[in-house]
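Q:
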Amino acid sequence: MSATRNEMGGERAPGDLAHGLHESAPHVPVFTGARRAELDELLTRYPQKMAALLPALWIVQEERGWVSSDAMAEVAEVLELTPAYVKGVVSFYTMYHQHPVGQHFIQVCTTSPCNVCGAEDVVNALLKHTGCEELGVTSADGKYTVIEVECLGACGFATPLMVNEKFIESVTPETVPALLASLG
Amino acid sequence: MGFPHPPHDRESVVLSKYFGDKEAIGLEGWRKRGGYVALQKALGMTPAEIVGVVKESGLRGRGGAGFPTGVKWSFMKPGDGKPHYLCCNADESEPGTFKDREIMRWTPHALVEGCAIGAYAIGAEVAYVYIRGEYTEALDRMNAACKEAYAAGILGTNAMGTGKTVHVYVHKGAGAYICGEETALMNSLEGRRGNPRIKPPFPAVAGLFGQPTTINNVETLVAVPHILNNGADWYKKFGRADNPKSTGTKLFSVCGNIQRPGNYEVAMGFPFKDFLYDLCGGPLPGRQFKAIIPGGISVPIQTREEAENSPMDYEGFVANGTMLGSGGVIVIDDAQNLVKQIARAARFFAHESCAQCTQCREGTAWTTKILERIVAGEGSTEDLDTLLEIGEQMTGKTICVLSDSCATPVKSGIEKFRGDFEALIKKKKVHMVPAQVA
Numbered sequence: 001m002s003a004t005r006n007e008m009g010g011e012r013a014p015g016d017l018a019h020g021l022h023e024s025a026p027h028v029p030v031f032t033g034a035r036r037a038e039l040d041e042l043l044t045r046y047p048q049k050m051a052a053l054l055p056a057l058w059i060v061q062e063e064r065g066w067v068s069s070d071a072m073a074e075v076a077e078v079l080e081l082t083p084a085y086v087k088g089v090v091s092f093y094t095m096y097h098q099h100p101v102g103q104h105f106i107q108v109c110t111t112s113p114c115n116v117c118g119a120e121d122v123v124n125a126l127l128k129h130t131g132c133e134e135l136g137v138t139s140a141d142g143k144y145t146v147i148e149v150e151c152l153g154a155c156g157f158a159t160p161l162m163v164n165e166k167f168i169e170s171v172t173p174e175t176v177p178a179l180l181a182s183l184g
Numbered sequence: 001m002g003f004p005h006p007p008h009d010r011e012s013v014v015l016s017k018y019f020g021d022k023e024a025i026g027l028e029g030w031r032k033r034g035g036y037v038a039l040q041k042a043l044g045m046t047p048a049e050i051v052g053v054v055k056e057s058g059l060r061g062r063g064g065a066g067f068p069t070g071v072k073w074s075f076m077k078p079g080d081g082k083p084h085y086l087c088c089n090a091d092e093s094e095p096g097t098f099k100d101r102e103i104m105r106w107t108p109h110a111l112v113e114g115c116a117i118g119a120y121a122i123g124a125e126v127a128y129v130y131i132r133g134e135y136t137e138a139l140d141r142m143n144a145a146c147k148e149a150y151a152a153g154i155l156g157t158n159a160m161g162t163g164k165t166v167h168v169y170v171h172k173g174a175g176a177y178i179c180g181e182e183t184a185l186m187n188s189l190e191g192r193r194g195n196p197r198i199k200p201p202f203p204a205v206a207g208l209f210g211q212p213t214t215i216n217n218v219e220t221l222v223a224v225p226h227i228l229n230n231g232a233d234w235y236k237k238f239g240r241a242d243n244p245k246s247t248g249t250k251l252f253s254v255c256g257n258i259q260r261p262g263n264y265e266v267a268m269g270f271p272f273k274d275f276l277y278d279l280c281g282g283p284l285p286g287r288q289f290k291a292i293i294p295g296g297i298s299v300p301i302q303t304r305e306e307a308e309n310s311p312m313d314y315e316g317f318v319a320n321g322t323m324l325g326s327g328g329v330i331v332i333d334d335a336q337n338l339v340k341q342i343a344r345a346a347r348f349f350a351h352e353s354c355a356q357c358t359q360c361r362e363g364t365a366w367t368t369k370i371l372e373r374i375v376a377g378e379g380s381t382e383d384l385d386t387l388l389e390i391g392e393q394m395t396g397k398t399i400c401v402l403s404d405s406c407a408t409p410v411k412s413g414i415e416k417f418r419g420d421f422e423a424l425i426k427k428k429k430v431h432m433v434p435a436q437v438a
């Protein structure tokens, strides 16, 4: 079961850094060229720069797969905020990764409506077939990270899960192996 | 319609008419289906005239609170020299609810149109649609719809050639149930942590960026073009003759242990029993409904017998001891360990508490711990009194109602299914039919 927002700064277990950039690698700025232009366009939508914070963090995560401390510092500079402030916001929201995650980041809904339809069995099947074994830990080959997530808003299509940006509905323990095979 | 099922002949299909129709997604197809006729009409009316029609229609907020939409809009004073904002709450996160998702996936232009009319009616030039980050498909379709609407001159500084300015921008959330609370949503949009704000001041006085703001749910806004096109009297005809307080059609999302989960659109006041058995097909083979939560997980849980008596409208559910809420119907059958599911609901709230109020931060966490202890067969008889006492302390004492929402299923669960709790505490097996029947 995932930890509560109360107990920790973010959703991710420290886990395995096998995939993605390491914190120690020198930071390559995100907001240059087309990405900078994208942010500049976004800034025209709001009367205050700070309102572009969530969108800017999304750009970082799309570009890099996660949001490192260095990236937070870059966002802070671009939006005239402090790195501490940005970290405070990042850590509030569950969807920003503060650590690198597997190539396929799998979030399974286990809230009550899906739970009564067997969501926990889907989680167990995923842990088994991905080789992750434990929630929040990336598999040894760096391919998968599986976490439980609260209500994905697809309760009529139990059990739904998200693989990165993609929604997959009506998953059962039996369909898990084929699902994983289709991810490549 | 009962998407993904074909529409049932007892549904009143208005908002969901084009669910599943791929041609309705794009602008061209949407125009062929009558799209943007209402916006053109609205831009030729005064804001006060639009507010008047919406007031007259009896439309009430579909996000959960049920506040009359026209009245909410009338709190805004166009021409007061301040920038006004409309926020569309598309952060649909109430467990059991997935109606706004289908609206945005299949009819994104309906929401763009509803937002544009709403913004104009409250004197706002900008509407933000705050969509939860997990709704990737809805986000893509809404972004595409806005882009099309700008390219066609529907949105922008000369909206539909009228010289009026209407912007609709999509804003992506990042995973937080609490951002569906209207003041938390505004904080999130401003680039802050999603902590709810103390009211007053109410959003109509000082909301987004400190300016007068109105927040409306997706389903509320998509109803507005239909009301302008067909008139308030047409809208009022949907509903019980003896209850003029609930008008129009309502989308209900149905999930859990039931034959045909999906989204169904019925007139207000539809008999809940017929809804569950006729439209949704009743329980799974060999099972019976045990508990029903009619309006998303935050409303009181009911026994099957209680639930079946309700007419499906704001007053009908309240008269039966629960609430319409968001219209997310969660059905739990006799093959489930109900206490485990109530514990799971509590864990949801513990996870989603923003943690700024003590009663909520501590209350949701302790409630979860005690319930999970009971589920593990380690509970004591005093635990039930402790849970009710904690629930009392969590109700009506915090900035927002997340805390109350956690206490609600626990309190109603213990009241109505005390035997299930006691059986677990006494380490007796709760009667369950084998789950593999289905």
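Just so you know, the sequences run in chain order B and D.
For the first sequence, position 15 matches number 15 in our numbering, and the numbering has no gaps at all.
For the second sequence, position 264 matches number 264 in our numbering, and the numbering has no gaps at all.
Glycine residues also receive a C-beta, built at the ideal position from the N, C-alpha and C atoms.
#1: Check the DSSP bridge columns for Leu251(D) and list the partner residues they point to.
#2: For Val112(D), which residues in chain B fall below 7 angstroms Cβ to Cβ?
#3: Please tell me whether His19(B) has its Cβ less than 9 angstroms away from any Cβ of chain D.
#4: In chain B, what lies closer than 9 angstroms to Ala176(D) by C-beta?
#5: Taking the straight line between their C-alpha atoms, what separation do you get for Asp21(D) and Ile258(D)?
#6: Residue range of the alpha helix (DSSP H) that Cys114(B) falls in?
#7: From Glu190(D) to Arg36(B), what does the alpha carbon distance come to, in whole angstroms?
#8: Which of the three DSSP states is assigned to Leu21(B) in this structure?
#9: Please confirm if the region 404-420 of chain D is in contact with the region 177-196 of chain D, defined as three or more CB-CB distances below 8 angstroms between the two stretches.
#10: Using 9 angstroms as the threshold, is the C-beta distance between His84(D) and Thr213(D) below it?
#11: Might you give, ordered along the chain, the residues of its own chain that have their beta carbon closer than 6 angstroms to the beta carbon of Leu21(B), omitting 5 neighbours on each side?
#12: Can you tell me whether Phe92(B) is buried or exposed? The criterion is at least 16 other CB atoms within 10 Å of its CB, across all chains shown.
#13: Looking at C-alpha atoms only, which residue of Leu424(D), Met268(D), Cys255(D) is the closest neighbour of Arg10(D)?
#14: Would the region 302-315 of chain D count as touching the region 272-281 of chain D if we require 3 or more Cβ pairs under 8 angstroms?
#15: Return the first residue and the last residue of the alpha helix (DSSP H) that Thr183(D) is part of.
#16: Find the residues of chain B that neighbour Val254(D), judging by a C-beta separation of less than 8 angstroms, and give them in chain order.
#17: Determine which residues share a DSSP beta bridge with Pro311(D) and list them.
#18: At a CB-CB cut-off below 8 angstroms, which residues of chain B make contact with Lys172(D)?
#19: Using 8 angstroms as the threshold, is the region 166-183 of chain D in touch with the region 109-116 of chain D, meaning 3 or more CB pairs across them?
#20: Along the chain, where does the beta strand (DSSP E) that runs through Phe105(B) open and close?
#21: Distance, Cα to Cα, Glu382(D) vs Val116(B)?
#22: From this set, Arg132(D), Pro283(D), Leu402(D), which residue's C-alpha is nearest Leu152(B)'s C-alpha?
#23: Can you pull the chain D residues whose beta carbon is under 8 angstroms from the beta carbon of Pro47(B), in chain order?
#24: What are the boundary residues of the alpha helix (DSSP H) that Lys87(B) is part of?
#25: Is the CB of Lys143(B) under 9 angstroms away from at least one CB in chain D?
#26: Would you list, in chain order, the members of the region 338-354 of chain D that have their beta-carbon closer than 7 angstroms to a beta-carbon of chain B?
#27: Please determine if the region 367-387 of chain D and the region 310-330 of chain D are in contact, where contact requires at least 3 C-beta pairs separated by less than 8 angstroms.
#28: Beta carbons nearer than 9 angstroms to chain B: which residues of the region 307-339 of chain D have them?
#29: How about Leu15(D): is its C-beta nearer than 9 angstroms to some C-beta of chain B?
#30: Step through the CB atoms of chain D and report whether any lies within less than 9 angstroms of the CB of Phe167(B).
#31: Going along chain D, which residues have a C-beta under 7 angstroms from Ala51(B)?
#32: Identify the continuous beta strand (DSSP E) that holds Phe211(B) and give its terminal residues.
#33: Is it a yes or a no for the region 221-232 of chain D touching the region 42-60 of chain D, going by three-plus beta-carbon pairs under 8 angstroms?
#34: Could you tell me which of Val126(D), Leu43(D), Thr97(D), Ala121(D) sits nearest to Thr75(D), measuring between CA atoms?
#35: By DSSP, does Arg197(D) sit in helix, in strand, or in coil?
A: By the coordinates alone:
#1: Your numbering for residue 251(D) matches position 251 in the second sequence. Here Leu251(D) is bridged, per DSSP, to Glu265(D).
#2: For this step, residue 112(D) is matched to residue 112 along the second sequence. Result: empty, since nearest Cβ-Cβ is about 15 angstroms, beyond 7 angstroms.
#3: Position 19 of the first sequence holds residue 19(B). With a pLDDT of 45 at His19(B), under the threshold of 50, the modelled position of that residue is not reliable, and the figure given next carries that caveat. So no, His19(B) is outside the interface.
#4: Taking the second sequence and counting its residues from 1, one reaches residue 176(D) at position 176. Listed along chain B are Arg5, Phe92, Tyr93, Thr94, Met95, each with a C-beta nearer than 9 angstroms to that of Ala176(D).
#5: What you label residue 21(D) is simply residue 21 of the second sequence in a count that begins at 1. What you label residue 258(D) is simply residue 258 of the second sequence in a count that begins at 1. Each residue's alpha carbon lies about 25 angstroms from the other.
#6: Taking the first residue of the first sequence as position 1, residue 114(B) is located at position 114. Segment 112-115, the alpha helix (DSSP H) holding Cys114(B).
#7: Position 190 of the second sequence, counted from the start, is the residue given in the question as residue 190(D). Position 36 of the first sequence, counted from the start, is the residue given in the question as residue 36(B). Straight through space, the alpha carbons of Arg36(B) and Glu190(D) are spaced by roughly 20 angstroms.
#8: Walking along the first sequence from the start, residue 21(B) turns up at place 21. Interpretation of Leu21(B) is limited by its pLDDT of 48, a score under 50 that renders its predicted location unreliable; the figure taken from the coordinates is listed afterwards. In this structure, Leu21(B) counts as coil in the three-state DSSP scheme.
#9: As far as the Cβ criterion goes, the region 404-420 of chain D does not touch the region 177-196 of chain D, which means the pair count is below three.
#10: Here residue 84(D) is taken as the residue at index 84 of the second sequence, counted from 1. Here residue 213(D) is taken as the residue at index 213 of the second sequence, counted from 1. With a cutoff of 9 angstroms on beta-carbon distance, His84(D) and Thr213(D) are scored as near each other.
#11: As a first step, residue 21(B) must be located in the first sequence, where it is residue number 21. At Leu21(B), the pLDDT of 48 sits below 50, so the modelled position is not reliable and the matter cannot be decided from this model.
#12: Locating residue 92(B) in the first sequence gives position 92, where the first residue counts as 1. Buried, because 16 or more other Cβ atoms sit within 10 Å of the Cβ of Phe92(B).
#13: Here the question's residue 10(D) lines up with position 10 in the second sequence. Residue Met268(D) is the option with its Cα nearest to Arg10(D).
#14: Segments in contact, yes.
#15: By 1-based counting over the second sequence, the position of residue 183(D) is 183. Residues 182-189.
#16: Taking the first residue of the second sequence as 1, we reach residue 254(D) at position 254. Chain B residues near Val254(D): Gly156.
#17: As a working mapping, residue 311(D) is identified with position 311 in the second sequence. DSSP output for Pro311(D) lists Pro271(D) as bridge partner(s).
#18: As a position in the second sequence, residue 172(D) is number 172, starting the count at 1. Contact note: Lys172(D) reaches chain B through Leu54, Pro55, Trp58, using a C-beta cutoff of 8 angstroms and chain order.
#19: These segments touch.
#20: Position 105 of the first sequence, counting from 1, holds the residue named residue 105(B). Counting along the chain, Phe105(B) sits inside the beta strand (DSSP E) bounded by residues 104-109.
#21: The sequence position of residue 382(D) within the second sequence is 382, counting from 1. The sequence position of residue 116(B) within the first sequence is 116, counting from 1. Rounded to whole angstroms, the gap between the alpha carbons of Glu382(D) and Val116(B) is 27 angstroms.
#22: Against the first sequence, residue 152(B) aligns to sequence position 152. Comparing C-alpha distances from Leu152(B) to each of Arg132(D), Pro283(D), Leu402(D) shows the shortest one belongs to Arg132(D).
#23: Against the first sequence, residue 47(B) aligns to sequence position 47. Residues of chain D passing the Cβ test: Pro83, Phe209.
#24: Position 87 of the first sequence, counted from the start, is the residue given in the question as residue 87(B). For Lys87(B), the uninterrupted alpha helix (DSSP H) run begins and ends at 83-90, by DSSP.
#25: What you label residue 143(B) is simply residue 143 of the first sequence in a count that begins at 1. With 9 angstroms as the cut-off, Lys143(B) does not count as an interface residue toward chain D.
#26: Those residues of the region 338-354 of chain D that come within reach of chain B (Cβ to Cβ, closer than 7 angstroms) are Gln341, Arg344, Ala345, Arg347, Phe348, Ala350, His351, Glu352, Ser353.
#27: Touching, no, given that fewer than three Cβ pairs across the two stretches are closer than 8 angstroms.
#28: Against chain B - using a Cβ distance shorter than 9 angstroms - the residues of the region 307-339 of chain D are Gly328, Ile330, Val331, Ile332, Asp333, Ala335, Gln336.
#29: Taking the first residue of the second sequence as position 1, residue 15(D) is located at position 15. It does not; no Cβ of chain B falls within 9 angstroms.
#30: The sequence position of residue 167(B) within the first sequence is 167, counting from 1. Yes, because at least one Cβ of chain D sits closer than 9 angstroms to the Cβ of Phe167(B).
#31: By 1-based counting over the first sequence, the position of residue 51(B) is 51. Leu189, Glu190, Gly191, listed in chain order.
#32: Because residue 211(B) is not part of the residues shown, which for chain B are 1 to 184, the question remains open.
#33: Yes: at least three Cβ pairs fall under 8 angstroms.
#34: Along the second sequence, one-based indexing puts residue 75(D) at 75. For the record, residue 75(D) in the displayed sequence is Phe; it is not Thr. Distances from the CA of Phe75(D) to each of Val126(D), Leu43(D), Thr97(D), Ala121(D) were compared; the closest alpha carbon is that of Ala121(D).
#35: Stepping through the second sequence from its first residue, residue 197(D) is reached at position 197. Correct three-state label for Arg197(D): coil.
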